[in-house]
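Asks: According to mature numbering (1 follows the signal peptide of the UniProt record, and there is no 0), the sequence shown holds residues -22 to -1, 1 to 122 in order. Positions of the beta carbon are idealized from the N, C-alpha and C atoms, including for glycine. Pasting in a structure now, in structure tokens, and then I'll have a few things to ask.
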Amino acid sequence: MKKLLTKLITGVMFLTVITAPAANLNVSAAGNKISGYIRPSFTTTNSSLYSNFNVIASENGKSAMTDVNGYFEISDVASSQSGYTIRISKSGYLTRTITAAAGQGNIVLGSPNSPVGMLAGDITQDRTINTNAYSHTCHISRTR
């Protein structure tokens, strides 16, 4: 009798596991990912300049900062029928806006060998590189 009861309980547990809904197994249901690599547009061996670029997915306000390799990752981004507007910024650099097409799946911007380039020189943070920013840069270099 004890063996029969054990087999019956085991069978019920097995059927429960087999027929249970597969909740939380579909990773894409949780959201998409926006990731990539960003670096200054000039050549440098100073990898610390690759970090601290702020990347924002404008549609939902989620953001990430680049690491010392220039890599960033924004997880759980909801699908968008109209696409994504991704804004990249860092003090001293021009803000860059990238529009990514709508679709299902992950979005990758740049790669380790071909990162998204950011133009340095917006010292005054007025979103331009002009004579005012240039003269401010010259003034800083003369005082050091």
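(1) Can you tell me which of 98, 23, 41 puts its alpha carbon nearest to the alpha carbon of residue 14?
(2) Output the residue ranges of the beta strand (DSSP E) runs that lie fully inside the region 68 to 100 and measure 3 residues or longer, sorted by chain position.
(3) Measure the C-alpha to C-alpha separation of residue 67 and residue 57 and round it to an integer number of angstroms.
(4) In whole angstroms, what is the alpha-carbon distance linking residue 38 and residue 60?
(5) Write down the C-beta distance between residue 26 and residue 46 rounded to the nearest angstrom, noting that I regard them as a contact closer than 8 Å.
(6) With residue 28 and residue 48 assumed to form a contact (beta carbons below 8 Å), what rounded beta-carbon distance in angstroms separates them?
(7) Identify which residue in 21, 31, 11 has its Cα closest to the Cα of residue 75.
(8) Give every residue of the same chain whose Cβ lies closer than 8 Å to the Cβ of residue 96, excluding the five residues on either side of it in the sequence, and list them in chain order.
Replies: In short, the structure shows the following:
(1) Position 36 of the sequence shown holds residue 14. Minimum Cα distance to residue 14 is reached at 41.
(2) 74 to 78, 85 to 87, 94 to 96, 98 to 100
(3) One-based indexing of the sequence shown puts residue 67 at position 89. One-based indexing of the sequence shown puts residue 57 at position 79. One C-alpha to the other measures close to 23 Å.
(4) By one-based count along the sequence shown, residue 38 stands at place 60. By one-based count along the sequence shown, residue 60 stands at place 82. Their backbone Cα atoms lie some 13 Å apart in a straight line.
(5) To locate residue 26, count along the sequence shown from 1; it is residue 48. To locate residue 46, count along the sequence shown from 1; it is residue 68. Indeed they touch by this definition, with Cβ atoms about 6 Å apart.
(6) By one-based count along the sequence shown, residue 28 stands at place 50. By one-based count along the sequence shown, residue 48 stands at place 70. Yes, residue 28 and residue 48 are in contact; Cβ-Cβ is about 4 Å, under 8 Å.
(7) Numbered from its first residue, the sequence shown carries residue 75 at position 97. Comparing Cα positions, the closest option is 31.
(8) The residue you call residue 96 lines up with position 118 of the sequence shown. So the list reads 16, 17, 18, 19, 31, 66, 68, 71, 72, 74, once near-sequence residues are dropped.
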